[in-house]
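Trainee: Chains as they are written, first to last, in full-length UniProt numbering: chain C, 1 to 450; chain F, 1 to 107.
Using N, Cα and C, we set each Cβ at its ideal position, and we do this for glycine too.
These numbers were taken from a predicted model, which means no experiment stands behind them.
Structural data, given as C-alpha cells:
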C-alpha cells in the first residue's frame, strides 16, 4: 500500500440544508481537512422528490449553507463535494444546485472550477439492460420489466466514487454530483489520494450522517482522518464527543446487515471491525475489508406517477362515534367505490388513535378520548381523487349511526376547504441492480470555470 | 421468574427505513452483562418479533446479534413500500413500540 499520509474529511452535516454549527465548522476547519464532503439526499424522504424533481430542501437553505462551505473551502484551498444533490440526485436537481453555486461564486467575487455529474439513466438504456438480462432485483420484490420502465418518469443510479474521482482529477474545486452512494461521496477524495478504499468507504458510511455518530447527536460537523490502517472520528463541536457506543451504534443505522454491505462494484466485510476510544472525544476504527465484485453493478432508483392525491384531515371526540367508526369507515369506502364505478381509486383511512402509523402491524387495543382521521385518496386524475375524498368526508360528517347522541356532525375539520389536493402521487418503481461496463459510463462529468 | 418489557432493559429501541422496502430495528445496550442477558434469554428472536407485529415469520428479513456493538438487529419486509398509497410512516421511524414491549424474563 502506498503511504499517502493522513487525509482528513470534514462532513458539515448529515444532509446539506439541515444545518450545522458555526463554531463547529470553524473548529473543524482549524483541523486542516483536505476536503469538505457532504451528502444532500437519499430515498429516505420518499419517492416524491425523485418523481417530481422538486428539491428536498429549499433553495434558501441550500444557498445559505453552500455559501458558508464554499467560502471556508476557498479560503483553505480545498474542494467541496456534494452528493445526491437536491434530494434525489436527478438532473433537474443537479442543475438547480449548480445554479445556486454560480450565484454564490459571483456574490463572493471568487473564481473556481465547478464540476457537475449527472446520474440520470435514460429509460431506453435500462430497457436494453432488461433485454440483455443484466438487471437483478435488489429488494423491490419483483423483476424490473420494460413495461415498468415505460411507466417510470424518473430514473437515476447511485454512482460510486469513480466519477467523483474523475472530477477531482479534472481539477474541480466544487463538485455537484447527482445520485451517489452516500459512502462514496465521503470516500472519493481519500481514494483519489490513494487511501485504502475499504477504510475510506467504511469511514464514509459513518461520516455521511455528520454528527449523528457523535453524542449528543445532531445534524452537525463530523471529521474523519484516514491513516494507512485505521481512521479516527471526531466531531467538530467541542460540545460533542465520538464514543465507541455512538460510533458502533451508527454502524447499524439505516442498513440491514451490519457485517456485510454491498456498494457500487464492491462488497464490504465489516465483521472484523473494532472500535477503540483513543481520547475523550475520538474513536479509532479498524478492520474493514473490501472485495471488488466480478461485475460492476449500480443500484437503480426509479419513480412513477401513480395518480393524484387528495386528503381530508378530521378529528373525532364523541365516544359513540369512536365506538362505531370501524364499521362506518368500511361503509364509507364501499359507498365511494360504488359512486365512481367503473373508475377506481385507492382509499386509505389513517386512523390515528387506532392504527394510523402501523396499520395491519398494530395489535394494541383502542385507547384514548380523541381520534384523528386522514382520508387519503389516490386516483387517476386530481378531479376524481378530490371527488372521492369529498364524497367520503361529506358522507361521514352527516352519517347517522345507532346510539348517535349528536346528530349535527361527526367530524371536526380543522380546515376549510376540508379536502386538500396534494397533486401528483409518485411511487418507487425501480430499486434494482444493473450491470455496467465501467464505473463511469453512466455518469458524465462536466466542467465550467467560474 | 418474572419478566420486564424490553424497553426497561435496553438503552435504545429504534426503527428506521433500510431502503424503501425494509424497516430495520436496533435494540442497543450500554451494559454488556445486560445485553448478554437479553440476548441469551432468546426472548427477542424472529418468532417473537413476528408475533409482536402479527407478521408471518417469512416477513422477517434478517436477524443478528451484534456482539461488538452490544445490539440486536432485526429487519422486516414492509407491508407496503415506503411512500406507496396507504403507507403511514415515510421514514419507518415509529414502528418500534411492539418490539420494545416484548417481555423479557429476568431472574
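(1) Using the C-alpha atoms, what's the distance from residue 83(F) back to residue 327(C)?
(2) Tell me which same chain residues have a C-beta within less than 6 Å of the C-beta of residue 63(F), skipping the five on either side of it?
(3) Span of the beta strand (DSSP E) holding residue 228(C)?
(4) Give me the chain F residues within the contact set of residue 140(C), using Cβ-Cβ distance strictly less than 9 Å, ordered along the chain.
(5) For residue 351(C), report the span of its beta strand (DSSP E) as first-last.
(6) Cα separation between residue 132(C) and residue 147(C)?
(7) Just verifying my parser: in three-state terms, what is the DSSP assignment at residue 392(C)?
(8) What's the call for residue 21(F), buried or exposed, on a 16-neighbour Cβ count within 10 Å?
(9) If you measure from the beta carbon of residue 26(F) to each beta carbon in chain C, is any gap under 8 Å?
(10) Based on the DSSP output, what are the partners of residue 315(C) in its beta bridges?
(11) So for residue 434(C), helix, strand or coil by DSSP?
(12) Give a yes or no on whether 8 Å exceeds the smallest Cβ distance from residue 281(C) to chain F.
(13) Give me the Cβ distance between residue 175(C) and residue 81(C), rounded to the nearest whole Å; I'm assuming they're in contact under 8 Å.
(14) Answer with buried or exposed for residue 1(C), where buried requires no fewer than 16 other C-beta atoms within 10 angstroms of its C-beta.
(15) Using C-beta distances below 6 Å, list every residue in its chain close to residue 510(C), excluding the 5 sequence neighbours before and after it, in chain order.
(16) Quick one: is residue 90(C) near chain F, going by C-beta distance under 8 Å?
(17) So, at 7 Å on beta carbons, what are the nonlocal neighbours of residue 186(C) in its own chain, with the 5 sequence-adjacent residues on each side left out?
(18) Does residue 103(F) get closer than 8 Å to chain C when you measure Cβ to Cβ?
(19) Please confirm whether residue 336(C) and residue 391(C) have their CB atoms less than 8 Å apart.
(20) In this structure, what does DSSP give as the bridge partners for residue 17(F)?
(21) Does residue 75(F) come within less than 8 Å of chain C when only Cβ atoms are used?
(22) Applying the 10 Å Cβ sphere with the 16-neighbour rule, what's the burial state of residue 138(C)?
(23) Bridge partners for residue 45(C) per DSSP, in chain order?
(24) What residues of chain A sit near residue 64(F), judged by a beta carbon separation below 8 Å?
(25) Put residue 148(C) into one of helix, strand or coil per three-state DSSP.
(26) Check the Cβ of residue 58(F) against every Cβ in chain C and list those closer than 9 Å, keeping chain order.
(27) Work out the CA separation of residue 253(C) and residue 13(C) for me, nearest whole Å.
(28) Excluding five sequence neighbours on each side, which residues of the same chain lie with their C-beta closer than 6 Å to the C-beta of residue 28(F)?
(29) Starting from residue 75(F), follow its DSSP beta bridges and name the residues at the other end.
Mentor: With the given structure in hand:
(1) Their Cα atoms are separated by approximately 26 Å.
(2) Cβ neighbours of residue 63(F) beyond the five flanking positions: 46 and 74.
(3) DSSP places residue 228(C) in no beta strand (DSSP E); its state is neither H nor E.
(4) The answer, in chain order, is 20, 21 and 81.
(5) Per DSSP, the unbroken beta strand (DSSP E) holding residue 351(C) starts and ends at 345-352.
(6) Rounded to whole angstroms, residue 132(C) to residue 147(C) spans 15 Å at the Cα level.
(7) Residue 392(C): helix per DSSP, three-state reduction.
(8) Residue 21(F) should be labelled buried.
(9) Closer than 8 Å to the CB of residue 26(F) there is at least one CB belonging to chain C.
(10) Per DSSP, 372(C) and 412(C).
(11) Strand.
(12) No, residue 281(C) does not count as interfacial toward chain F.
(13) With a beta-carbon spacing of about 5 Å, residue 175(C) and residue 81(C) fall inside the 8 Å limit used to define contacts.
(14) Caution applies to residue 1(C), whose pLDDT of 45 falls short of 50 and renders its modelled position unreliable; the model cannot decide the point.
(15) Beyond the ends of chain C as shown, which are 1 and 450, falls residue 510(C); an answer cannot be given.
(16) Cβ-Cβ to chain F under 8 Å: no for residue 90(C).
(17) Closer than 7 Å at Cβ, skipping near neighbours: 9, 11, 37, 203, 204, 207 and 208.
(18) Cβ-Cβ to chain C under 8 Å: no for residue 103(F).
(19) If you check the CB distance, residue 336(C) and residue 391(C) come in under 8 Å.
(20) DSSP lists 23(F) as the bridge partner or partners of residue 17(F).
(21) Output row for residue 75(F): interface = yes.
(22) So residue 138(C) ends up on the buried side.
(23) DSSP links residue 45(C) through a beta bridge to no other residue.
(24) Included in the structure are the protein chains C and F, with no chain A among them.
(25) Here DSSP, grouped into helix, strand and coil, assigns residue 148(C) to helix.
(26) Those do not exist, as residue 58(F) stays about 12 Å from chain C at its closest Cβ, beyond 9 Å.
(27) Approximately 16 Å, taken between the alpha carbons.
(28) Excluding sequence neighbours, residue 28(F) sits near 11, 12 and 71.
(29) Within the DSSP bridge table, the entry for residue 75(F) names 24(F) and 62(F) as partners.
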